[in-house]
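In the numbering used here, the protein residues as written are 23 to 248. Here is the structure we will look at.
In structure tokens:
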């Protein structure tokens, strides 16, 4: 074809991809900075033909999210996530479901040997039994455990965060870091030991721990008295 890219340009695009694993947009920028005229679509086409462009899974479903609510009181927005635990060699991977109320920072966590939409519903029921307030809207990422099946069986409004925007769940991401640093750091054993450690630590987190984001109050001090 008269407008086909030269083999030198094709090799350069592939080389840049293999060297840094950067996305097509960054590679396109780097190539044009070298004085080579090439379109972004051409860069993506080269990467696709070379098998270096991540393809969208045919099983991945598009999630239409409700508008994010303005958080004024507990339960207005409750975020859910999962932590993947990779223990020592010879033991199976397991997971920790986490939940955080954005307003009060009240949190709940539960260890599970696997993740699925059904397990997420079970986790949600457990969290609601422990909470002293009602959940009005849930927010999750697009993981398979938060699928449309979960949305239809949760019994609560459910929205998904934006794709590749982890800051949408920043409050829960920070909690996930906190629970790993303060509670799980020295544990590398069976799931039961993780659950025992979490059960001991959560009352401290919710009732005693001073939170900078809450002006040194604990979540229970923020929650309205029943």
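Where a beta carbon is used, it is the ideal one built from N, C-alpha and C, also for glycine.
What does the Cβ neighbour count give for residue i, buried or exposed, with the cut at 16 atoms within 10 Å?
i: residue 185; result: exposed
i: residue 232; result: exposed
i: residue 161; result: buried
i: residue 147; result: exposed
i: residue 121; result: buried
i: residue 189; result: exposed
i: residue 69; result: buried
i: residue 119; result: buried
i: residue 197; result: buried
With a Cβ-Cβ cutoff of 7 Å, do residue i and residue j count as a contact?
i: residue 236; j: residue 101; result: no
i: residue 179; j: residue 191; result: no
i: residue 246; j: residue 116; result: no
i: residue 149; j: residue 167; result: no
i: residue 64; j: residue 40; result: no
For residue i, does the three-state DSSP call read helix, strand or coil?
i: residue 161; result: strand
i: residue 176; result: helix
i: residue 223; result: helix
i: residue 100; result: strand
i: residue 216; result: helix
i: residue 169; result: coil
i: residue 154; result: coil
i: residue 133; result: strand
i: residue 208; result: coil
i: residue 145; result: helix
i: residue 181; result: strand
i: residue 49; result: helix
i: residue 245; result: coil
i: residue 238; result: coil
i: residue 74; result: coil
i: residue 118; result: strand
i: residue 25; result: coil
i: residue 107; result: strand
Do you know offhand how far residue i's Cα is from residue j's?
i: residue 52; j: residue 217; result: 48 Å
i: residue 76; j: residue 222; result: 42 Å
i: residue 136; j: residue 219; result: 19 Å
i: residue 107; j: residue 145; result: 17 Å
i: residue 228; j: residue 171; result: 30 Å
i: residue 159; j: residue 103; result: 14 Å
i: residue 132; j: residue 141; result: 10 Å
i: residue 201; j: residue 129; result: 10 Å
i: residue 90; j: residue 234; result: 24 Å
i: residue 88; j: residue 207; result: 36 Å
i: residue 173; j: residue 29; result: 49 Å
Determine, using beta carbons only, whether residue i comes closer than 7 Å to chain B.
i: residue 134; result: Structure shown: chain B not included; a single protein chain is present.
_Does the structure place the region 30-43 close enough to the region 52-63 that three or more beta carbon pairs sit under 8 Å?_
Judged by Cβ distances under 8 Å, the region 52-63 makes contact with the region 30-43, as three or more pairs qualify.
Is the region 85-99 touching the region 116-133, taking contact as three or more C-beta pairs under 8 Å? yes
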